[in-house]
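S.K.: Read top to bottom, the protein sequences are chains S, B, U and X. One point on numbering: in the working numbering, the residue at position 182 of the first sequence is 925, and numbering is uninterrupted. One point on numbering: in the working numbering, the residue at position 207 of the second sequence is 950, and numbering is uninterrupted. One point on numbering: in the working numbering, the residue at position 25 of the third sequence is 768, and numbering is uninterrupted. One point on numbering: in the working numbering, the residue at position 184 of the fourth sequence is 927, and numbering is uninterrupted. Where a beta carbon is used, it is the ideal one built from N, C-alpha and C, also for glycine. Please read all numbers here as calculations on a predicted model, not as lab measurements.
There are 4 protein chains.
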Amino acid sequence: MDHAAATTRTAGLRGPERLEAFSDGVFAIAITLLVLEIRVPSSEDLVSNQRLVSALGSLWPSYLGYVVSFVTIGIMWANHHNLFRLVASVSHGVVVANLLLLLGVGFVPFPTALLAGTLATPSQGVGVIFYSGTFVGIAFAFNLLWYQVRHGPEVLCSDADSRAIDAITRSYRLGPPGYLIALLGALISPALGVVLLIILAGLYLLPSSTGA
Amino acid sequence: MDHAAATTRTAGLRGPERLEAFSDGVFAIAITLLVLEIRVPSSEDLVSNQRLVSALGSLWPSYLGYVVSFVTIGIMWANHHNLFRLVASVSHGVVVANLLLLLGVGFVPFPTALLAGTLATPSQGVGVIFYSGTFVGIAFAFNLLWYQVRHGPEVLCSDADSRAIDAITRSYRLGPPGYLIALLGALISPALGVVLLIILAGLYLLPSSTGA
Amino acid sequence: MDHAAATTRTAGLRGPERLEAFSDGVFAIAITLLVLEIRVPSSEDLVSNQRLVSALGSLWPSYLGYVVSFVTIGIMWANHHNLFRLVASVSHGVVVANLLLLLGVGFVPFPTALLAGTLATPSQGVGVIFYSGTFVGIAFAFNLLWYQVRHGPEVLCSDADSRAIDAITRSYRLGPPGYLIALLGALISPALGVVLLIILAGLYLLPSSTGA
Amino acid sequence: MDHAAATTRTAGLRGPERLEAFSDGVFAIAITLLVLEIRVPSSEDLVSNQRLVSALGSLWPSYLGYVVSFVTIGIMWANHHNLFRLVASVSHGVVVANLLLLLGVGFVPFPTALLAGTLATPSQGVGVIFYSGTFVGIAFAFNLLWYQVRHGPEVLCSDADSRAIDAITRSYRLGPPGYLIALLGALISPALGVVLLIILAGLYLLPSSTGA
Numbered sequence: 744m745d746h747a748a749a750t751t752r753t754a755g756l757r758g759p760e761r762l763e764a765f766s767d768g769v770f771a772i773a774i775t776l777l778v779l780e781i782r783v784p785s786s787e788d789l790v791s792n793q794r795l796v797s798a799l800g801s802l803w804p805s806y807l808g809y810v811v812s813f814v815t816i817g818i819m820w821a822n823h824h825n826l827f828r829l830v831a832s833v834s835h836g837v838v839v840a841n842l843l844l845l846l847g848v849g850f851v852p853f854p855t856a857l858l859a860g861t862l863a864t865p866s867q868g869v870g871v872i873f874y875s876g877t878f879v880g881i882a883f884a885f886n887l888l889w890y891q892v893r894h895g896p897e898v899l900c901s902d903a904d905s906r907a908i909d910a911i912t913r914s915y916r917l918g919p920p921g922y923l924i925a926l927l928g929a930l931i932s933p934a935l936g937v938v939l940l941i942i943l944a945g946l947y948l949l950p951s952s953t954g955a
Numbered sequence: 744m745d746h747a748a749a750t751t752r753t754a755g756l757r758g759p760e761r762l763e764a765f766s767d768g769v770f771a772i773a774i775t776l777l778v779l780e781i782r783v784p785s786s787e788d789l790v791s792n793q794r795l796v797s798a799l800g801s802l803w804p805s806y807l808g809y810v811v812s813f814v815t816i817g818i819m820w821a822n823h824h825n826l827f828r829l830v831a832s833v834s835h836g837v838v839v840a841n842l843l844l845l846l847g848v849g850f851v852p853f854p855t856a857l858l859a860g861t862l863a864t865p866s867q868g869v870g871v872i873f874y875s876g877t878f879v880g881i882a883f884a885f886n887l888l889w890y891q892v893r894h895g896p897e898v899l900c901s902d903a904d905s906r907a908i909d910a911i912t913r914s915y916r917l918g919p920p921g922y923l924i925a926l927l928g929a930l931i932s933p934a935l936g937v938v939l940l941i942i943l944a945g946l947y948l949l950p951s952s953t954g955a
Numbered sequence: 744m745d746h747a748a749a750t751t752r753t754a755g756l757r758g759p760e761r762l763e764a765f766s767d768g769v770f771a772i773a774i775t776l777l778v779l780e781i782r783v784p785s786s787e788d789l790v791s792n793q794r795l796v797s798a799l800g801s802l803w804p805s806y807l808g809y810v811v812s813f814v815t816i817g818i819m820w821a822n823h824h825n826l827f828r829l830v831a832s833v834s835h836g837v838v839v840a841n842l843l844l845l846l847g848v849g850f851v852p853f854p855t856a857l858l859a860g861t862l863a864t865p866s867q868g869v870g871v872i873f874y875s876g877t878f879v880g881i882a883f884a885f886n887l888l889w890y891q892v893r894h895g896p897e898v899l900c901s902d903a904d905s906r907a908i909d910a911i912t913r914s915y916r917l918g919p920p921g922y923l924i925a926l927l928g929a930l931i932s933p934a935l936g937v938v939l940l941i942i943l944a945g946l947y948l949l950p951s952s953t954g955a
Numbered sequence: 744m745d746h747a748a749a750t751t752r753t754a755g756l757r758g759p760e761r762l763e764a765f766s767d768g769v770f771a772i773a774i775t776l777l778v779l780e781i782r783v784p785s786s787e788d789l790v791s792n793q794r795l796v797s798a799l800g801s802l803w804p805s806y807l808g809y810v811v812s813f814v815t816i817g818i819m820w821a822n823h824h825n826l827f828r829l830v831a832s833v834s835h836g837v838v839v840a841n842l843l844l845l846l847g848v849g850f851v852p853f854p855t856a857l858l859a860g861t862l863a864t865p866s867q868g869v870g871v872i873f874y875s876g877t878f879v880g881i882a883f884a885f886n887l888l889w890y891q892v893r894h895g896p897e898v899l900c901s902d903a904d905s906r907a908i909d910a911i912t913r914s915y916r917l918g919p920p921g922y923l924i925a926l927l928g929a930l931i932s933p934a935l936g937v938v939l940l941i942i943l944a945g946l947y948l949l950p951s952s953t954g955a
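1) Give me the residue from 866(S), 883(S), 931(S) and 815(S) with the minimum Cα distance to residue 770(S).
2) For the candidate residues 938(B), 915(B), 759(B) and 907(B), whose alpha-carbon lies nearest to that of residue 925(B)?
3) What residues from chain B crowd round residue 761(U), counting only those whose CB sits closer than 8 Å?
4) So, is residue 787(S) buried or exposed, given that buried needs 16 or more other C-beta atoms within 10 angstroms?
5) Given residue 868(S), which residues of its chain have a CB within under 7 Å of its CB, disregarding the five upstream and five downstream residues?
6) Given residue 881(U), which residues of its chain have a CB within under 6 Å of its CB, disregarding the five upstream and five downstream residues?
7) Counting pairs of beta carbons, one from the stretch 848 to 856 of chain S and one from the stretch 820 to 828 of chain X, are three or more of them closer than 8 Å?
8) Determine which residues of the stretch 770 to 785 of chain X have a Cβ less than 7 Å from any Cβ of chain U, and write them out in chain order.
9) Using a Cβ cut-off of 8 Å (strictly closer), state whether residue 866(B) contacts chain S.
10) Using beta carbons (cut-off 8 Å, strictly below), is residue 889(X) in contact with chain S?
11) Ordered along the chain, which non-local residues of its own chain (more than five positions away) have a Cβ less than 6 Å from that of residue 878(B)?
12) Cβ of residue 959(U) within 8 Å of Cβ of residue 795(X)?
13) Quick check: the Cα distance between residue 850(B) and residue 917(B), rounded to an integer number of angstroms?
14) So what's residue 830(U) in DSSP terms, helix, strand or just coil?
15) Give the secondary structure of residue 963(U) by DSSP, where H, G and I count as helix, E and B as strand, and everything else as coil.
16) If we ignore side chains and look at the alpha-carbon of each, how far apart do residue 792(B) and residue 865(U) end up?
17) Cβ closer than 7 Å: which chain S residues qualify as neighbours of residue 984(B)?
18) Applying the criterion that 16 or more other CB atoms from any shown protein chain within 10 Å of the CB defines a buried residue, is residue 797(X) buried or exposed?
19) To the nearest angstrom, how far is the alpha carbon of residue 970(B) from that of residue 888(U)?
20) So which residues of chain U does residue 944(X) contact, with C-beta pairs closer than 7 Å?
21) When you compare only the Cα positions, how much space is there between residue 806(S) and residue 781(S)?
22) Residue 764(U) and residue 773(X): beta carbons closer than 8 Å?
23) With a Cβ-Cβ cutoff of 8 Å, do residue 768(B) and residue 768(S) count as a contact?
24) State the Cα-Cα distance for the pair residue 701(S) and residue 817(X), rounded to the nearest angstrom.
25) Quick one: residues in its chain with C-beta nearer than 6 Å to the C-beta of residue 759(X), no 5 flanking neighbours on either side, listed in chain order?
26) Could you spell out the range, first to last residue, of the alpha helix (DSSP H) harbouring residue 848(U)?
27) Measuring only the C-alpha atoms, how far is residue 778(S) from residue 808(S)?
28) If you measure between the beta carbons of residue 804(U) and residue 859(U), is that distance less than 8 Å?
29) Around the C-beta of residue 870(B), are 16 or more other C-beta atoms found within 10 angstroms, so that it is buried, or is it exposed?
30) DSSP three-state label for residue 899(U), please.
31) Can you tell which of 822(S), 819(S) and 919(S) has the C-alpha that lies nearest to the C-alpha of residue 876(S)?
32) Output needed for residue 746(S): all residues of its chain with C-beta closer than 6 Å, excluding positions within five of it in sequence on either side, in chain order.
33) Should residue 761(B) go down as buried or exposed, given a rule of 16 or more other Cβ atoms within 10 Å for buried?
34) Alpha carbons only, please: which of 819(X), 822(X), 820(X) and 836(X) is nearest the one belonging to residue 821(U)?
35) Going by DSSP, what residue range makes up the alpha helix (DSSP H) through residue 774(S)?
36) Taking all protein chains shown into account, do 16 or more other C-beta atoms lie within 10 angstroms of the C-beta of residue 790(X), making it buried, or fewer, making it exposed?
Okay, structure coming up:
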């Protein structure tokens, strides 16, 4: 490898490519681990087709948790992807804020399993609040990361479109209050909290929120 | 990083590279999690070599589920790869349809564990139907993604070979009825359903279906 | 994206890059799932430091299985990496043979857990034979993949070094008989089989076997 | 693919790109598997919101283990990333030392689960020592890898900044004694060991230690 190539390589890696690859890995693994919370019915439910159909039906909280968390992590990945489109080089603040965000994303399988396990039990209120609270925290981490990208030295692409920047700022600002409303809704009624969580996941599927 | 390089980077990332990397991750993790459904025999089966051989033999539904799901996910990955060869840029519709497809792919370990757990029990009919039904859904998601690629604005490569496009269209159209036939076969006899699922996995291994 | 760029992209993706990325994912996940077979001692062993030290000591088969399988998968990954250095484009035969290889690699956590669970029990003979047998199969899959690479149409790089080709051929030929000897050794004595497996893993760590 | 392109490809792959991608995968999977040690409370704790809140509170050792290990693996990944910035080509020694490092990183979910399971039990001393000891080993592996990078033939980029090299050398030298102090602290008092582990994770979050 000649000197010029080595220089290019060293310089190129100050870009966010490997940070994106690592983050992509965490998002992809967290989203795929979600399925492990859906448990095959125990052997006493396998004695007849009728029993198994009934047991599979009673797993609806697990399916619901799987779908809501899968869609939410998937859209968070798309947002992360869009954010890093605008990043030219990575500062220490970006590394730390991104790690905090991944700490939240990697945690999602636990509140998802908790939500699935508590729905249809007397403790479902706590399950919905814990789940919503996790996403309040993740939404704050997204805003912190975005703050680090916007205000870090030479982090932002010099030609980043100011409308794209404003769109992300607006979109991210809605995250914490959105999940806080779901949390407060769960204080009134767990079912209301769940409905609000489903609406939030659906809203994120609308075109404007991914920017793609 | 100079202005030209930053521009290239921003523009380049509108391509599907990171969406492919994320999808590759989900396919690779789902396929590798399959092994977790094969459980080591319990300690009472470890008291002699004879007992263990017998216990390992009785795990045949787990081996079967592992092989059929592994091959099917592997071929789905190859199809996904071939489809994205023809994608020049990613629309919102592609992101959402791809997420729906990954939702199905990431779910496969559950119906696989269910199939393995119910084969050789009285509830095997439901196990085979649930398994086939999951792949009917995934086959529809593949067609939806392909529709989004073909009809989204500027998604398809401008120089995409029309024979390659027609080959994918034909191949994908066979997915939903194929798995529906396996599902209907399972209604007649679970064993017939399983045979049809094995034949489908085998068919996908033929050269024409991967296009490679 | 202009026509030339789209053409380049389509052509570039006929190369093995995405197949390598997918395979890397499966290797990396299989190697990291190995740790899940090491179980935290149950609560009755947590009542005192002495009890826990003793319980952690009795997990030696799990540590052994973890280290041997980790090193073996790691070296298999390096071999896979070296093999694909010589691949210019991917044929259908390469895709299928590679999938068969990954089927074996993804299976490794199960025989590893079985080996760890049976060592120091009366059924350890079967555990060692099953483990060795898995690697006999993987070694055959490596040879099949290599055959597809060497004999497929335009698969091999036109400038591939014939000494590198011969080195891989020689190295791969040793795999099936090597693990078969470990399997036969286990028939005589499980301990002998384990020693042979450790020697094989150690041999692969020598410089010539990775070619790097 | 013409001859020139094939040459470039073969030559390019002697660089560390695929080794980095594989390592990134192991880091990302190990960090995301950490969440599996946090278990949903059993059904008897789901009978009321009060019971569940109490049960979730008693999981504090799991949350602590998750956060400390997540941050530590995340920073180790950043260090690995910075180290490989300086690598131009990969020697056999680098492959083996990197595999040893990954062996340690992939093992982290086990001592983390052990730490979480033993904190607040009489065996917590052993839990903290085992945890610290794992990181002593990983810190030694980092130094071995760095030694292989510095002293291997043509491994280091020819234009690597000598200050960057010295900074890594200094930073890595602090790893083994740092975790050894935490281990020795745990011999005096498990709580002291835990505090030292938290301080070490926090120190790594300071700007100078990632070099980014």
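M.R.: On the basis of the data shown:
1) Start at 1 with the first residue of the first sequence, and residue 770(S) comes out as number 27. The option with the nearest alpha carbon to residue 770(S) is 815(S).
2) Here the question's residue 925(B) lines up with position 182 in the second sequence. Taking only the C-alpha atoms, the option nearest residue 925(B) is 938(B).
3) Looking up residue 761(U) in the third sequence gives position 18. Neighbours of residue 761(U) in chain B, taken as residues at a C-beta separation under 8 Å, are given in chain order as 763, 767 and 824.
4) Numbered from its first residue, the first sequence carries residue 787(S) at position 44. So residue 787(S) ends up on the exposed side.
5) Residue 868(S) sits at position 125 when you count from the first residue of the first sequence. Once the five neighbours on either side are set aside, the close Cβ partners of residue 868(S) are 929 and 933.
6) On the third sequence, residue 881(U) is found 138 positions in, with the first residue counted as 1. Excluding its 5 nearest sequence neighbours in each direction, residue 881(U) has C-beta neighbours in its own chain below 6 Å: 847, listed in chain order.
7) The stretch 820 to 828 of chain X and the stretch 848 to 856 of chain S do not touch, with fewer than three beta-carbon pairs separated by less than 8 Å.
8) Under the 7 Å Cβ criterion, the stretch 770 to 785 of chain X contributes 772, 773 and 776.
9) The count along the second sequence starts at 1 and reaches residue 866(B) at position 123. True, the Cβ-Cβ gap to chain S drops below 8 Å.
10) Here residue 889(X) corresponds to residue number 146 of the fourth sequence, with the count starting at 1. Residue 889(X) does not count as touching chain S.
11) As a working mapping, residue 878(B) is identified with position 135 in the second sequence. If you ignore the 5 residues before and after residue 878(B), its C-beta comes within less than 6 Å of the C-beta of 922, all in its own chain and listed in chain order.
12) No information on residue 959(U) is available, as it lies outside the stretch 744 to 955 that chain U covers here.
13) Translated into positions along the second sequence, residue 850(B) becomes position 107. Translated into positions along the second sequence, residue 917(B) becomes position 174. Linking residue 850(B) to residue 917(B) through their CA atoms gives a straight-line distance of about 21 Å.
14) Along the third sequence, one-based indexing puts residue 830(U) at 87. Residue 830(U): strand per DSSP, three-state reduction.
15) A query on residue 963(U) cannot be resolved here, the shown segment of chain U reaching from 744 to 955 and no further.
16) Locating residue 792(B) in the second sequence gives position 49, counting from the first residue. Locating residue 865(U) in the third sequence gives position 122, counting from the first residue. Taking the straight line joining both Cα atoms gives about 7 Å.
17) Because chain B here runs from 744 to 955, residue 984(B) falls outside it and cannot be looked at.
18) Position 54 of the fourth sequence, counted from the start, is the residue given in the question as residue 797(X). Answer is exposed; the Cβ neighbour count stays below 16.
19) Residue 970(B) lies beyond the stretch modelled for chain B, which goes from 744 to 955, so this question has no answer here.
20) One-based indexing of the fourth sequence puts residue 944(X) at position 201. For residue 944(X), no chain U residue has a Cβ inside 7 Å of its Cβ, as the nearest lies near 20 Å away.
21) Here residue 806(S) refers to the residue found at position 63 when the first sequence is read from its first residue. Here residue 781(S) refers to the residue found at position 38 when the first sequence is read from its first residue. A straight-line Cα-Cα distance of about 7 Å links residue 806(S) and residue 781(S).
22) Along the third sequence, one-based indexing puts residue 764(U) at 21. Along the fourth sequence, one-based indexing puts residue 773(X) at 30. Not closer than 8 Å, so no.
23) Here residue 768(B) refers to the residue found at position 25 when the second sequence is read from its first residue. Here residue 768(S) refers to the residue found at position 25 when the first sequence is read from its first residue. Yes.
24) An answer regarding residue 701(S) cannot be provided, because it is not within the stretch 744 to 955 covered by chain S.
25) The residue you call residue 759(X) lines up with position 16 of the fourth sequence. Cβ neighbours of residue 759(X) beyond the five flanking positions: 827, 830 and 833.
26) As a first step, residue 848(U) is located in the third sequence; it is residue number 105 there, counting from the start. Residues 835 to 850.
27) Start at 1 with the first residue of the first sequence, and residue 778(S) comes out as number 35. Start at 1 with the first residue of the first sequence, and residue 808(S) comes out as number 65. Counting only the Cα atoms, residue 808(S) lies some 10 Å from residue 778(S).
28) One-based indexing of the third sequence puts residue 804(U) at position 61. One-based indexing of the third sequence puts residue 859(U) at position 116. Residue 859(U) sits close to residue 804(U), with the two beta carbons spaced by under 8 Å.
29) The sequence position of residue 870(B) within the second sequence is 127, counting from 1. Counting Cβ neighbours within 10 Å, residue 870(B) comes out buried, since at least 16 surround it.
30) The sequence position of residue 899(U) within the third sequence is 156, counting from 1. Strand.
31) For the purposes of this step, residue 876(S) is identified with residue 133 of the first sequence, where counting begins at 1. Closest by C-alpha distance to residue 876(S), out of 822(S), 819(S) and 919(S), is 919(S).
32) Your numbering for residue 746(S) matches position 3 in the first sequence. Residue placement at residue 746(S) cannot be trusted, given a pLDDT of 36 that sits under 50; what the coordinates show is reported in the next sentence. Apart from sequence neighbours up to five positions away, no residue of its chain approaches residue 746(S) with a beta-carbon distance below 6 Å.
33) Position 18 of the second sequence holds residue 761(B). Burial call: buried.
34) What you label residue 821(U) is simply residue 78 of the third sequence in a count that begins at 1. Scanning 819(X), 822(X), 820(X) and 836(X) for the CA closest to the CA of residue 821(U) turns up 836(X).
35) Working through the first sequence from its first residue, we reach residue 774(S) at position 31. Its alpha helix (DSSP H) spans residues 760 to 776.
36) To locate residue 790(X), count along the fourth sequence from 1; it is residue 47. The residue in question, residue 790(X), is exposed, as its Cβ has fewer than 16 Cβ neighbours within 10 Å.
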